[in-house]
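The opening position of the sequence shown corresponds to residue 114 in our numbering, with each subsequent residue numbered one higher.
C-beta atoms are modelled at their ideal positions from N, C-alpha and C, and glycine is treated no differently.
Data block below; observations after.
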Amino acid sequence: MEDSKFVVYSFISCILFLGVNGESPYRFFTLKVTHGDIYPLGVKQKGILINGQFPGPTIDAVTNDNLIIHVYNYLNVPFLISWNGVQQRRNSWQDGVLGTNCPIRPGKNFTYVLQVKDQIGTFFYFPSLLFHKAAGGYGSIRIWSRPKIPVPFPTPAGDFTVLAGDWYKRNHYVLRRYLENGHSLPFPDGLVINGRGWNGYTFTVDPGRTYRFRVSNVGISTSINFRIQSHKLKLIEVEGSHTLQNTYHSFDIHLGQSYSFLVTADQAPQDYYVVASSRFTPRVLTTTAILHYSNSRKGVSGPIPWAPTFQIAPSLMQARSIRWNLTASGPRPNPQGSYHYGMITPSRTIMLANSAPYINGKQRYAVNGVSYVPPDTPLKLADYFKIPGVFDLGSIPTRPPSGNNAYLQTSVMAADFREYVEIVFQNWENTVQSWHIDGYSFFVVGMDGGQWTPDGRRSYNLRDAVSRCTTQVYPRSWTAIYMALDNVGMWNIRSENWARQYLGQQFYLRVYSPANSWRDEYPIPKHALLCGRARGRRTRPL
């Protein structure tokens with residue numbers, strides 16, 4: 114089939130799924146990765162296409178579906194693809210980052226086998242290797258509720274994906290060279306919505322009807338504000354959690370974050386601006402798409418609607434207003450609020466502080482004074498085959514050191530299966546940080562300015578904090594989360610600012626169970642790619 118076609122096969126019958134062995138359905142996808150010319154900001158660039166498209170095709174699934182995703186690498190360099198927000202329950206083998214997977218070599222392919230177990234919501238996939246994310250290669254993931262599970266809003270008339278973020282006119286390998294030579298990235302050249310610049314994309318709506326907009330910040334360096342001229346945004350979902358349905362005129366979306374809004378076409382029939390603008394930047398970048406009423410005879414007009422630019426206070430207040438819908442069912446029939454996260458006492462506190470040190474005369478980024486260096490062998494393979502010398506547990510402290518010294522290390526933190534931990538992200542820099550944890554959702558219980566102390570727990574939301582996988586930390590501030598370590602594996606904790614991630618602001622959390630049981634973790638895939646010091650070893654016979 115042609116590269117531009119998205120292949121979705123469903124060849125196993127419903128009787129086999131449900132009547133014979135009770136398995137959840139299988140969905141089959143083929144992703145063909147190529148280079149191609151793209152023009153996001155009007156300048157010809159060498160982009161990464163998925164099935165001939167930029168952005169790539171949407172992956173649709175239903176809660177508990179099994180996804181068989183064949184990835185063919187037609188680039189001339191190694192490639193990896195990861196699944197932002199998909200929890201990979203018991204299965205970090207499929208996470209698609211360099212700490213868990215060997216890259217797919219040029220001209221080769223790899224099949225990801227994963228399950229969207231107990232998940233709903235809005236996520237995205239992206240290339241995780243060699244700064245490829247700055248060249249595209251990303252696409253939306255939509256996980257729908259099972260038909261018998263009620264959702265807390267009427268079925269929308271349509272479902273729109275908005276993949277927005279900053280963009281550079283320089284090709285990704287030029288940006289990578291900046292970083293590898295020890296420099297910071299320049300300021301972005303603009304913003305894009307669904308791969309296009311100013312007024313380059315149109316969403317068509319019928320008057321009087323309500324639509325779902327799934328908005329993800331897929332950029333690499335800046336927070337954005339999203340809004341639609343003369344229309345209100347009703348928040349309904351955050352990274353797999355149904356929320357209280359607050360209404361906003363504009364909304365801040367930080368790097369790596371995803372939200373769903375309901376938008377009703379209740380204005381006069383004409384065209385309106387759909388706007389994304391940068392937040393907390395020295396110069397405000399803005400781009401627009403078009404909301405087109407199907408009976409409109411008038412184009413966009415008037416000024417672009419105002420939104421905050423550098424102000425932190427309204428963004429912090431907005432973040433605190435996001436609350437879990439306790440009575441709504443999530444992926445399961447029981448209400449989300451039946452899990453009383455705030456009544457569980459954490460077993461320990463982990464504090465993570467970001468920094469921007471110079472090491473050996475070059476710009477690096479660090480967590481607790483450790484700037485991550487990728488090993489020659491994926492950590493997950495080294496752990497499985499017990500290969501010495503690849504990493505050491507405890508190579509990153511659980512609290513920031515007292516001094517300012519920083520060093521290079523393949524940093525891995527040890528944790529036990531079924532621990533319940535408090536993690537505090539402390540940011541002493543003057544920029545907004547955005548943190549993502551693979552394999553998990555966590556409860557954002559608090560955020561405030563200054564230095565975190567135990568007294569900060571007095572302000573925690575222990576009742577209806579939202580559960581999500583990516584959270585921001587404002588300048589010279591802290592954010593606290595609660596997280597149940599119920600997913601065995603090797604999990605990446607990283608900055609969603611891609612320059613910081615590339616130059617060391619990440620590490621891996623090894624969640625360990627001594628049981629060595631399929632109940633806790635799936636075995637190594639028989640078809641797992643082997644590289645580095647794992648090359649030549651055997652996976653398993655069956």
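Inter-residue spacing [alpha-carbon to alpha-carbon] between residue i and residue j
| i | j | result |
| --- | --- | --- |
| Val121 | Trp437 | Note that Val121 scores 35 on pLDDT, short of 50, meaning its location in the model is unreliable; the coordinates nonetheless yield the value given after this. Near 34 Å, if we compare the C-alpha coordinates of Trp437 and Val121. |
| Thr335 | His362 | 20 Å |
| Trp419 | Thr592 | 28 Å |
| Tyr478 | Arg589 | 16 Å |
| Arg202 | Trp631 | 12 Å |
| Val165 | Pro263 | Per the sequence shown, the amino acid found at residue 165 is Gly instead of Val. Taking the straight line from one Cα to the other gives about 36 Å. |
| Thr399 | Tyr386 | 11 Å |
| Ala724 | Ala378 | Nothing about residue 724 can be reported from this structure: the residues present for the chain run from 114 to 655 only. |
| Gly135 | Gln380 | A caution first: Gly135 carries a pLDDT of 43, below 50, which makes its placement in the model too unreliable to give a value. |
| Ser219 | Pro191 | Sequence check: residue 219 is Pro here, not Ser. Roughly 6 Å separates the two Cα atoms. |
| Ala495 | Leu144 | 28 Å |
| Arg327 | Leu348 | 10 Å |
| Gly649 | Lys221 | 18 Å |
| Gly249 | Gln370 | 17 Å |
| Ala247 | Tyr615 | 12 Å |
| Arg325 | Asp302 | 29 Å |
| Gln564 | Ala426 | 17 Å |
| Val397 | Ala612 | 20 Å |
| Tyr573 | Tyr454 | 12 Å |
| Ser414 | Gly313 | 16 Å |
Reduced DSSP category for residue i - H, G, I as helix; E, B as strand; rest coil
| i | result |
| --- | --- |
| Arg648 | coil |
| Asn134 | No answer about Asn134 holds up, because its pLDDT of 32 lies below 50 and its placement is not dependable. |
| Trp656 | With the chain covering only 114 through 655, there is no way to say anything about residue 656. |
| Arg259 | coil |
| Gln619 | strand |
| His549 | strand |
| Gly303 | strand |
| Tyr102 | For the chain, the structure presents residues 114 to 655; residue 102 sits outside this window and is missing. |
| Tyr385 | strand |
| Gly563 | coil |
| Trp196 | strand |
| Tyr573 | coil |
| Ser451 | helix |
| Trp673 | In the structure displayed, the chain extends from 114 to 655; residue 673 sits before or after that span and is not available. |
| Gln201 | coil |
| Val287 | helix |
| Glu293 | helix |
| Phe423 | coil |
| Lys157 | coil |
| Tyr281 | coil |
| Leu521 | strand |
| Asp599 | coil |
| Tyr471 | strand |
| Gln166 | strand |
Distance CB(residue i)-CB(residue j) smaller than 7 Å
| i | j | result |
| --- | --- | --- |
| Met526 | Leu622 | yes |
| Thr317 | His405 | yes |
| Val601 | Asp633 | yes |
| Gly76 | Gly332 | Outside the displayed range of the chain (114 to 655) lies residue 76, so it cannot be described from this structure. |
| Val557 | Ile500 | no |
| Gly212 | Ser241 | no |
| Met603 | Ser205 | yes |
| Val486 | Thr523 | yes |
| Asp319 | Ser407 | yes |
| Phe223 | Leu492 | no |
| Thr356 | Ile256 | no |
| Ala270 | Arg322 | yes |
| Asn481 | Gln618 | no |
| Pro153 | Val305 | yes |
| Pro459 | Val534 | yes |
| Tyr238 | Ile254 | yes |
Minimum C-alpha distance to residue i - residue among the options
| i | options | result |
| --- | --- | --- |
| Pro395 | Ser409, Thr422 and Ala381 | Thr422 |
| Ser297 | Ser390, Arg289 and Ile637 | Arg289 |
| Tyr139 | Gly234, Pro170 and Thr176 | Thr176 |
| Phe538 | Tyr497, Asn294, Trp548 and Lys499 | Trp548 |
| Asn383 | Gly563, Arg410 and Val503 | Looking at the sequence provided, one finds Gln at residue 383 rather than Asn. Cα-wise, what sits closest to Gln383 is Arg410. |
| Asp506 | Pro459, Ala528 and Tyr520 | Note on residue identity: the sequence assigns Leu, not Asp, to residue 506. The shortest C-alpha separation from Leu506 is found at Ala528. |
| Ser554 | Asn518, Ile606 and Asp568 | Ile606 |
| Pro502 | Ser484, Trp611, Ala612 and Gly645 | First, the residue type needs correcting, since residue 502 is Gly and not Pro in the sequence shown. The shortest C-alpha separation from Gly502 is found at Gly645. |
| Phe141 | Ile172, Gly160 and Asp577 | Ile172 |
| Met456 | Leu162, Asp577 and Ile163 | Asp577 |
| Leu439 | Tyr452, Leu429 and Leu162 | Tyr452 |
For residue j and residue i, believed in contact at Cβ under 8 Å, the rounded distance
| i | j | result |
| --- | --- | --- |
| Gln232 | Gln200 | 6 Å |
| Gln228 | Asn186 | Incorrect: roughly 23 Å between the Cβ atoms, too far for contact. |
| Ile417 | Val376 | The Cβ separation is near 17 Å, so there is no contact. |
| Phe364 | Gln431 | 7 Å |
The ligand FMN heavy atom lying under 6 Å from the CB of residue i
| i | result |
| --- | --- |
| His285 | Absence of the ligand FMN from the depicted structure is noted, as is the absence of any ligand whatsoever, leaving it without description. |
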